[in-house]
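Be aware that the sequence shown starts at 367, since it is given in the numbering used here, and climbs by one per residue.
Even for Gly, the Cβ is constructed at its ideal location relative to N, Cα and C.
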Amino acid sequence: VFGDSISSLDDLRSEAESSHDNRWLHSFHVIKMLTAYWRGDYMAADDHFHATLTCPTAKMPQIHSIYHTFFGGLLALHLHRQVGSNDDQRLNQGRQMMEKVEKW
Numbered sequence: 367v368f369g370d371s372i373s374s375l376d377d378l379r380s381e382a383e384s385s386h387d388n389r390w391l392h393s394f395h396v397i398k399m400l401t402a403y404w405r406g407d408y409m410a411a412d413d414h415f416h417a418t419l420t421c422p423t424a425k426m427p428q429i430h431s432i433y434h435t436f437f438g439g440l441l442a443l444h445l446h447r448q449v450g451s452n453d454d455q456r457l458n459q460g461r462q463m464m465e466k467v468e469k470w
């Protein structure tokens, strides 16, 4: 698809942005979210979680939406416990995602 122009995730992001391929850009942020989560960098994972929501393709069903929702919920609940939030936004977000996963 991309020829020889992709050799790293950053190359994938650059190519996706320059070609306005929102599907690949969404995939990039999901991969970065999962990588940051497993490395324990929860704030970076949260940044990538929210970046995926801004992609136009975020509303369309995709296989990695399952991972995005499940780990996004875990991330919201974890950050609520560690960092907290004044308005319980993270707690509510985590609960909403948990309910969504339960329905599946």
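*Enumerated in chain order, which unbroken segments of the alpha helix (DSSP H) with a length of 4 residues or greater are wholly contained in the stretch 391 to 464?*
408 to 420 and 431 to 448
*asked:* Taking 7 Å as the limit between beta carbons, can you name the residues of its chain near L441, skipping five residues before and five after?
replied: Reading the sequence shown from its first residue, position 75 is the one you call residue 441. Excluding residues within five positions, the ones whose Cβ falls inside 7 Å are Y403, Y408, A411, D412 and F415.
*Quick one, which of L443, D454 and F437 has its alpha-carbon nearest I397's?*
To locate residue 397, count along the sequence shown from 1; it is residue 31. Ranking the options by Cα distance to I397, first place goes to F437.
_For F394 and L378, I'd like the C-alpha separation in whole angstroms._
As a working mapping, residue 394 is identified with position 28 in the sequence shown. As a working mapping, residue 378 is identified with position 12 in the sequence shown. Each residue's Cα considered, the two are about 7 Å apart.
*Starting from the Cα of D387, find the closest Cα among M463, H446, P422 and G460 and give me that residue.*
As a working note, residue 387 is residue 21 in the sequence shown. The shortest C-alpha separation from D387 is found at P422.
*Can you give me the Cβ contacts of R456 inside the same chain, cut-off strictly under 6 Å, excluding the 5 residues immediately before and after it?*
Within the sequence shown, numbered from 1, the residue matching residue 456 stands at position 90. Cβ within range, chain order: A442, L445 and H446.
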